[in-house]
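Just below is one structure, and these are the notes that go with it.
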Amino acid sequence: MASEASDNPAAIPEGHSEDTAVAWEEQGWNGQSEDLTASHTQHSDQHQEPTISVDPASNSATSGDPVSDDEDAAEYDPESVTFTTTAPVSVATAPTAPVEPESEPEPEPEPELPRPSKKPKTAGGFLVGSSDDEDEEDTPTPAPDTTLKPIPAPIQAQSFSPSPLQQSTTTQDLPAQVSNDQNATNSAVNAAAIIQPFTDYTGNLEDRVKEDPRGAVNAWLDLVREHRSRNKIDDARAVYERFFKIFPQAAPVWVDYLKMELSLDNFQQAESIFGRTLLTIPDVELWTAYLDYIRRRNDLNDPTGQARQVVNQSYEFVLDNIGHDRDAGQIWHDYIHFLKTGPGQIGGNSWQDQQKVDVLRKAYQRAICIPMANLHSLWREYDQFEQSLNKATARKFIQERSPSYMTARTANTQLENVTRGLRKSELPNLPPAPGFAGAQEFLEQVNLWKNWLGWEKSDPLVLETDEPETFKQRVLHVYKRALMPLRFYPEMWVDAAEWCFENGVFSKDGQDIGLQFLVDGVAANPESPLLALKHADRIESTHPAGEGDAGKAALAEAVRAPFDKTLGHLYDMIRIQKEKEAAALKMAREEPEGESSEDDEGEIPERLPQQMTKETRIKALQNAFAAQIQMLSQQISYLWIALARAFRRIQGQGQQNPPTGVRGIFSQARAKGRLTSDVYVAIALTEWEIYHDKVATKIFDRGCKLFPEDEHIIVEYLKHLHSRHDATNARLVFSKTVQAFKQKAESNPALLSKLRPLYAYFHSYEAKYGELAQIKELEKQMAELFPQDPTLTQFAARFAIALNL
1 MASEASDNPA
11 AIPEGHSEDT
21 AVAWEEQGWN
31 GQSEDLTASH
41 TQHSDQHQEP
51 TISVDPASNS
61 ATSGDPVSDD
71 EDAAEYDPES
81 VTFTTTAPVS
91 VATAPTAPVE
101 PESEPEPEPE
111 PELPRPSKKP
121 KTAGGFLVGS
131 SDDEDEEDTP
141 TPAPDTTLKP
151 IPAPIQAQSF
161 SPSPLQQSTT
171 TQDLPAQVSN
181 DQNATNSAVN
191 AAAIIQPFTD
201 YTGNLEDRVK
211 EDPRGAVNAW
221 LDLVREHRSR
231 NKIDDARAVY
241 ERFFKIFPQA
251 APVWVDYLKM
261 ELSLDNFQQA
271 ESIFGRTLLT
281 IPDVELWTAY
291 LDYIRRRNDL
301 NDPTGQARQV
311 VNQSYEFVLD
321 NIGHDRDAGQ
331 IWHDYIHFLK
341 TGPGQIGGNS
351 WQDQQKVDVL
361 RKAYQRAICI
371 PMANLHSLWR
381 EYDQFEQSLN
391 KATARKFIQE
401 RSPSYMTART
411 ANTQLENVTR
421 GLRKSELPNL
431 PPAPGFAGAQ
441 EFLEQVNLWK
451 NWLGWEKSDP
461 LVLETDEPET
471 FKQRVLHVYK
481 RALMPLRFYP
491 EMWVDAAEWC
501 FENGVFSKDG
511 QDIGLQFLVD
521 GVAANPESPL
531 LALKHADRIE
541 STHPAGEGDA
551 GKAALAEAVR
561 APFDKTLGHL
571 YDMIRIQKEK
581 EAAALKMARE
591 EPEGESSEDD
601 EGEIPERLPQ
611 QMTKETRIKA
621 LQNAFAAQIQ
631 MLSQQISYLW
641 IALARAFRRI
651 QGQGQQNPPT
661 GVRGIFSQAR
671 AKGRLTSDVY
681 VAIALTEWEI
691 YHDKVATKIF
701 DRGCKLFPED
711 EHIIVEYLKH
721 LHSRHDATNA
731 RLVFSKTVQA
741 FKQKAESNPA
751 LLSKLRPLYA
761 YFHSYEAKYG
771 ELAQIKELEK
781 QMAELFPQDP
791 TLTQFAARFA
801 IALNL
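Just so it is clear: in the sequence shown, position 503 is 503 by full-length UniProt numbering, and no numbers are missing.
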């Protein structure tokens with residue numbers, strides 16, 4: 001922006017961990033436990049079954065394998081991996097709001113800020129509340145509904161069209177609302193409305209934006225509106241600045257901020273806003289506001305002509321940046337009108353007259369090649385303009401420009417159909433969880449943006465060959481516009497970056513725009529593994545290759561940076577979920593039997609039926625939080641696996657101290673905890689498939705002890721033993737596992753279903769390489785465990801030829 005402004009006066013510049021370290025020996029490895037959760041993570045109430053895992057090397061220990069199971073078992077502390085947190089956490093009950101004097105004046109109507117559509121709030125892919133509630137009440141969900149709590153009156157929902165927040169110099173009070181809690185008593189439902197003081201209302205809004213800054217968009221806008229309605233301009237300005245740290249491309253709100261400053265004649269702050277937004281937010285309304293400001297500050301009646309020159313340069317600056325937008329038709333119309341009112345006479349003979357004709361002709365010819373809503377009227381004006389000069393030459397110019405106009409007109413019709421129903425100026429919303437309210441509508445908007453991008457990439461204006469830079473500019477412009485409402489949709493950031501990489505798109509100063517897309521995407525979605533993986537992949541592909549160990553270490557650190565940021569955020573999300581679980585469980589335990597809290601403070605995505613017993617509700621809460629934490633643990637595990645593979649490519653097998661290569665990453669991952677069995681499987685297979693190191697068996701053995709009810713790692717362990725031609729120990733592991741599962745199934749019958757993949761794999765292996773008696777014995781056991789399965793299916797499975805069953 002600064003470079004643009006220096007040459008163009010129209011541009012306004014601005015600027016979790018174990019006490020014992022994991023020891024990788026030269027020929028072996030000592031195990032270490034970690035903090036694990038959920039169904040595929042270590043549970044605090046799970047009993048370790050060392051007898052089901054067999055380490056063939058343990059029968060003849062060598063100096064290279066100094067680790068024993070007893071030593072590992074001494075290290076592991078099951079209490080450190082509790083699945084749920086039941087420690088009580090105090091939860092303050094909101095005080096009843098006092099009544100304001102009745103003499104306060106009634107609030108006056110005021111133009112509203114743009115508000116997003118109603119969608120469930122999510123954080124990191126989890127539903128934390130519905131934005132529908134935000135339209136119904138402007139305070140957080142009250143504590144258990146044994147006491148009536150007044151809440152402020154609902155503020156009318158607004159459309160997405162941007163509207164200015166006008167400055168009010170009169171003190172206004174909030175309207176009242178009666179609590180409408182469905183679980184409250186009839187007397188509570190019919191309670192009188194109580195007006196809530198300003199400090200309580202703004203405090204509730206502050207609590208909402210603090211708890212969920214990305215999801216509480218309505219609370220942000222209501223907070224600004226409240227400050228402005230009470231003439232607290234400095235407070236409103238502070239809220240605006242905090243809002244833009246999270247929503248830096250919310251163009252409608254930027255426009256409202258700008259209008260507030262201009263209404264106060266704060267031109268310096270207005271110019272600062274232009275410098276911060278113009279080159280990063282491709283919004284026609286914002287650029288139009290810039291033109292309005294320039295024209296306001298430059299009187300065209302200036303006899304020196306300097307003001308007109310500044311306005312003309314501003315128009316050129318705006319059209320170069322936003323003129324190809326379909327909604328820029330009015331800017332083109334105003335520009336041509338501005339040129340017509342300039343010095344000189346159309347049709348005159350002086351040099352000034354001829355210069356005016358040339359400038360107008362150039363503007364018309366640029367405009368009629370762009371698909372815009374007013375394209376036809378601009379073409380008609382151009383035709384009349386040429387006819388008024390010279391009918392003979394008019395025919396020549398019209399014939400030359402007619403093909404471009406016809407192409408643009410056809411493209412305009414197609415583009416109108418492609419973008420019909422698209423909300424271009426919508427504020428960004430967290431994607432609703434699949435199956436919840438708003439999810440289908442959100443996906444429809446995503447598909448509309450993708451359709452528009454696909455249309456531009458098909459090159460309907462035939463620009464890719466003759467004007468490649470214009471073609472790239474148009475596609476890039478649509479990506480930037482799409483990412484304004486889809487800021488929290490990581491897939492779109494990755495798609496934009498990938499397109500830039502494939503087409504070699506760079507800025508005028510040589511900046512890699514694709515890489516900048518990834519950086520901005522990570523800033524907007526720090527919990528996204530997709531963006532972290534793509535960013536790290538780009539760094540590994542383009543980072544300068546250094547020499548020796550120092551060069552490898554530099555590359556490894558650069559590749560690791562995106563992983564560390566996302567992993568840190570995911571670990572924080574688990575910590576927050578555990579805190580919320582503790583608070584919700586405390587509330588549920590303190591709740592009288594037969595009652596149900598209204599919303600458990602928004603912690604669980606659905607309300608619990610009132611007839612449920614307290615124990616059932618507590619169990620439901622624990623299961624819901626466990627599911628969320630399990631999802632986070634899976635994402636953490638996948639990132640550790642990807643990081644370990646990247647470090648293997650860079651530093652090889654590595655070591656523990658200092659942590660290098662795949663072994664260093666595995667040690668650090670186990671120290672941080674929250675891993676699933678996938679990490680053990682991936683690392684063990686890496687050790688065996690690439691380095692043929694027997695430590696892989698030790699890793700499998702440790703993993704089976706930590707995850708004794710995880711059928712996935714046990715199947716992979718069996719495959720590993722068979723790859724080592726160790727059928728004896730594989731048969732032993734299988735039989736011990738089946739025996740352990742059957743014993744546990746007496747208290748938990750659901751465990752029997754986990755035996756299905758174990759029997760399927762072992763039956764397949766015995767059918768190919770075992771004896772008939774063994775095959776029939778397995779089929780007999782399968783028929784007893786799974787009587788619903790047809791016997792013929794089991795028989796047919798003997799003769800399957802697929803490599804992986």
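Don't be surprised by glycine CBs; every beta carbon is placed ideally from N, CA and C.
Could you check what DSSP says for Ile207 in three-state terms: helix, strand or coil?
-> The sequence as given places Asp at residue 207; Ile does not occur at that position. Asp207: helix per DSSP, three-state reduction.
Counted within 10 angstroms of its Cβ, other Cβ atoms place Thr280 as buried (16 or more) or exposed | exposed
Secondary structure of Ala550, DSSP reduced to three states | helix
Using three-state DSSP, classify Thr280 as helix, strand or coil.
-> coil
For Thr793, the nearest candidate out of Ser764, Thr304, Arg423, Phe707 (CA to CA) = Ser764
Below 6 Å CB to CB, which residues in the same chain sit around Pro460 once its five sequence neighbours on both sides are set aside?
-> Ala411
Can you give me the start and stop residues for the alpha helix (DSSP H) that Gly661 sits inside?
-> 661 to 672
Closest by CA to Val255, which one among Thr288, Tyr638, Lys508, Leu751?
-> Thr288
Just the Cα atoms here: how many angstroms apart are Val522 and Ile246?
-> 12 Å
Please state whether DSSP places Ala655 in a helix, a strand or coil.
-> The sequence shown places Gln at residue 655, rather than the Ala named in the question. Three-state result, Gln655: strand.
Which class does Asp495 belong to by DSSP, given the choice of helix, strand or coil?
-> helix
Between the stretch 682 to 691 and the stretch 707 to 723, do three or more beta carbon pairs fall short of 8 Å?
-> yes
Proximity to Asn657 [Cα-Cα], best of Gln668, Arg649, Gln473, Phe647 | Gln668
State the DSSP-derived secondary structure class of Phe436, mapped to helix, strand or coil.
-> coil
Within the stretch 333 to 375, ranges of the beta strand (DSSP E) (whole runs, at least 3 residues) = none
Give me the Cβ distance between Ile576 and Val559, rounded to the nearest whole Å; I'm assuming they're in contact under 8 Å.
-> With a Cβ gap of about 28 Å, Ile576 and Val559 do not count as contacting.
Skipping 5 residues on each side, what residues in its chain have a beta carbon closer than 8 Å to that of Pro659?
-> Ile665, Ser667, Gln668
Taking Cβ to Cβ, would you say Pro485 is nearer than 8 Å to Leu415?
-> no
Secondary structure at residue 806, three-state DSSP: helix, strand or coil?
-> Past the boundaries of the shown model lies residue 806; the chain is included only from 1 to 805, so the question cannot be answered.
Starting from Val318, trace the alpha helix (DSSP H) both ways and give me its first and last residue.
-> 306 to 322
Taking Ala251 as part of the alpha helix (DSSP H), name the residues at either end of that continuous run.
-> 251 to 263
Compute the Euclidean distance between the alpha carbons of Glu400 and Ala250, then round it to the nearest angstrom.
-> 41 Å
Measure the CB-CB distance between Asp353 and Gly342 and report whether it falls below 8 Å.
-> no
Closest by CA to Ala584, which one among Glu777, Tyr315, Gln622?
-> Gln622
Opposite Asp512 in the DSSP bridges: which residues?
-> Phe506
Leu772 burial status per 10 Å Cβ neighbour count (16 or more: buried) | exposed
Helix, strand or coil: which one does DSSP assign to Leu427?
-> coil
Terminal residues of the continuous alpha helix (DSSP H) containing Glu766?
-> 755 to 769
Helix, strand or coil at Gln788 [DSSP, three-state] = coil
Could you tell me the distance, in whole angstroms, from the CA atom of residue 807 to the CA atom of Glu441?
-> Outside the modelled stretch of the chain, which goes from 1 to 805, sits residue 807, for which no answer is possible.
Kindly indicate which three-state DSSP category residue 830 falls into: helix, strand or coil?
-> Shown here, the chain extends from 1 to 805; a query on residue 830 therefore has no answer.
Taking C-beta to C-beta, are Thr737 and Ile713 nearer than 8 Å?
-> no
May I ask which residues mark the beginning and end of the alpha helix (DSSP H) holding Ala238?
-> 233 to 246
Considering Lys534, what are the terminal residues of the alpha helix (DSSP H) in which it resides?
-> 529 to 542
Counting only runs that start and end within the stretch 676 to 725, where is the alpha helix (DSSP H) found for 4 or more residues in a row?
-> 677 to 691, 695 to 706, 711 to 723
How many whole angstroms separate the CB atoms of Phe385 and Tyr364, which I take to be in contact at a CB cut-off of 8 Å?
-> 6 Å
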